[in-house]
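Residues 1 to 333 in the UniProt record's numbering are what the sequence shown spells out, letter by letter. Even glycine gets a Cβ: it sits at the ideal position worked out from N, Cα and C.
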Amino acid sequence: MQPPRADLSEKFVGELDWNLLRTFVIIVQEGGITAAAHRLLLRQPTVSQALQRLEGRLGARLIERGRGVFRVTAAGRELYRECVGIYGSIARLADVATAASQTITGNVHISLASHVITPLLDDTIAAFHAAHPGATYRIKIETSADVARSVQEGTASLGICLVNKRLPQLDYQMIYREFFGFFCGPAHPLFGRKGLRLDDLRGLAAVSFDTDYVGDALRPVALLRRQYELGQPVVGQSPHLEEVRRMVLCGLGIGPLPIHVMERDVRDGLLWRLPPYRDPPAIDIYLVTNPKRGRNRAEAGFIAALRRRIADTPVAQRTYSGTVDPRNPTNPA
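Set out below in structure tokens:
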């Protein structure tokens, strides 16, 4: 009993020397065994024997040959057509493998302080996604201290936050500088008043961030309070910008907020900028990474892309103005 045809085909494929097919293709292309031997840098008997072995494996005459005769048979022409397709596919394997090796996948876990607003990050995410759509992202908002802790413990790929004390295990790169100003909401008695001085803020209720202390990340803001004896009673605190802003809007008190982030609220009449109008407190925002943490290709590529964008952007363009937007005449300095 003959074995099933599928078993015979599998046996043939497993035992076939693919170099025999390549030799056959070149014999046909060169129009003779001698010419094929020159191209393959082999002796003529070696090429002739390869053709004989292939015909023996297939059980069919592929080329009629003899003195002055060289003719590809019908079986030979059919095999040649198949072989050309096969070798076209084989030739593309290197490109396929290279493309696959260049495909970047993996999850990028970004830990952010709540008021990180910069086109440097946004543009990097957009460009990296366009170039590497297989990468995925997780963005988590944490306090600046928790951002550093997440990066140190390896649960975050990178962090972007304020920095009070640098941890020796981590790398820090300044992304941008922002300035904090004091603001009040529409219900506040200072809302809409021009020509205010810092003395006008003394004794007023305030809201702020949990880090608004001399020994923490918002040290410059705390020092400003101390310098001008702004010992307001603090009636509300939060680690998140959105909630500090909410309390300011609700009229709980005046509060420090990043000026460039609040420009739209000022233009829309939701917030009013308070003094100091000149030389407000400056806060630097850092990219924080852990050099000892293993990274997948997406993490490594994203961090490298963000660092390049930072390095290619002059510091002046990464310093967000602390003065009132000149396009906003409703809240002049």
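If you ignore the 5 residues before and after residue 21, its C-beta comes within less than 6 Å of the C-beta of 83, all in its own chain and listed in chain order. Distances from the CA of residue 269 to each of 193, 33, 105 were compared; the closest alpha carbon is that of 193. When only Cα atoms are considered, residue 198 and residue 204 end up about 11 Å apart. Collapsing the DSSP output to three states places residue 116 in coil. For residue 206, the enclosing beta strand (DSSP E) stretches over residues 206 to 209.
An exposed status is given to residue 45, since fewer than 16 other beta-carbon atoms sit within 10 Å of its beta-carbon. Secondary structure of residue 234 (DSSP, three-state): strand. Restricted to the segment 61 to 87, the beta strand (DSSP E) segments that are unbroken, complete and at least 3 residues in length are 63 to 66, 69 to 72, listed in chain order. Contact check for residue 281 against residue 209 fails: the beta carbons are separated by 9 Å or more.
One Cα belongs to residue 81, the other to residue 158, and the distance between them is close to 54 Å. Residue 244 and residue 117 have their C-alpha atoms spaced approximately 16 Å apart. Within its own chain, the residues whose Cβ lies closer than 6 Å to the Cβ of residue 174, once the five positions on either side in sequence are excluded, are 284, 286, listed in chain order. Between residue 316 and the set 177, 257, 153, 19, the nearest pair of CA atoms involves 177. In this model, residue 298 and residue 239 are separated by some 30 Å (Cα to Cα). Only exposed fits residue 39, as fewer than 16 other CB atoms lie within 10 angstroms of its CB. In the three-state scheme derived from DSSP, where H, G and I count as helix and E and B as strand, residue 229 is classed as coil. Secondary structure note for residue 243: its alpha helix (DSSP H) is the uninterrupted segment 241 to 249. The alpha-carbon of residue 290 is positioned some 39 Å away from that of residue 275. Shortest Cα-Cα distance from residue 260 to any of 112, 305, 183 involves 183.
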